[in-house]
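Data block below; observations after.
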Amino acid sequence: METSVVPEASTPLGLAQIFTLFFLMIGPLKVIGPFAMATREMSGPERNRFALKAFTISTVAVLVGGLLGAQLIVKWNVTVPALTLAAGLVFLLVALRMVLIQYEPPPPPPESTSKPNTLEFSFPNVITPYGIAAVIAVMTIASDRLAVIVGLILAVMVLDLLAMLFARPILGALGLPLKVVGSVLGVAQVALAIQIILNALRAAQVIAPAS
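With this note's numbering applied, the sequence shown covers -6 to 204.
What follows is the structure, encoded as structure tokens:
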């Protein structure tokens, strides 16, 4: 069976949906708190170097991992509706976790005072397993717009870098609003995930097209 490229008009994900997915899966909101905690013992220049190194490692990893994963999916002859459905399910599970995590007790502070390893921080604080999965799915689904997809990934990674460089001022000025925004985006992410799943089911002709 041969896997064909889906025309832009029929691609189940729009650019706005793709950017939103990347922003939530590999974007800056999840980075600010862990970065501030991990670098609390560092000086300003050390924090900046740590952020730049984490940004470089994460950007290379997400692009290489996404491209290799997309090639593997094509070789396996996975159809676009199946891949879109898988992406929607992963997105939904992560969204539900974001919504429900606010009811969990806060994690204890780390006991170790040693400086963190950049690689260990990058995975999974900057690049998460579900983030890589999202990139692979989108690169495969929207392979006809690969250059645009790479541009969106780079834009989100730059936002991650800025979030790390300014993590302390951001938390000092916007700590509570960020929590509110995170809750709102969590609910919006659940809705977006369900919409992606519905699009996949329509593309597979499991359910009728929206009227």
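We put the beta carbon where it would ideally sit given N, CA and C, even for glycine.
Please confirm whether Leu185 and Gln10 have their CB atoms less than 8 Å apart. yes
Buried or exposed: which applies to Pro162, given that a residue is buried once 16 or more other Cβ atoms fall within 10 Å of its Cβ? exposed
Suppose you measure from the CA of Leu178 to the CA of Lys46; what does that come to, to the nearest Å? 28 Å
Just checking my contact of Ala88 with Gln188 at CB under 8 Å: how many whole Å lie between their CB atoms? That belief does not hold up - the Cβ atoms of Ala88 and Gln188 are roughly 11 Å apart, past 8 Å.
Could you check where the alpha helix (DSSP H) with Thr77 kicks off and where it finishes? Val73 to Leu93
Under the three-state DSSP convention, the category Ala135 falls into: coil
Under the three-state DSSP convention, the category Thr52 falls into: helix
CA-to-CA distance, Leu147 to Leu158, given in whole angstroms: 16 Å
For Thr32, does the three-state DSSP call read helix, strand or coil? coil
With a Cβ-Cβ cutoff of 8 Å, do Val55 and Ile125 count as a contact? yes
Going straight from the alpha carbon of Pro21 to that of Pro202, what length do you get? 35 Å
For Pro0, name the three-state secondary structure that DSSP assigns. Below a pLDDT of 50, predicted positions are generally treated as unreliable, and Pro0, at 37, falls in that range; no measurement from the model is reported.
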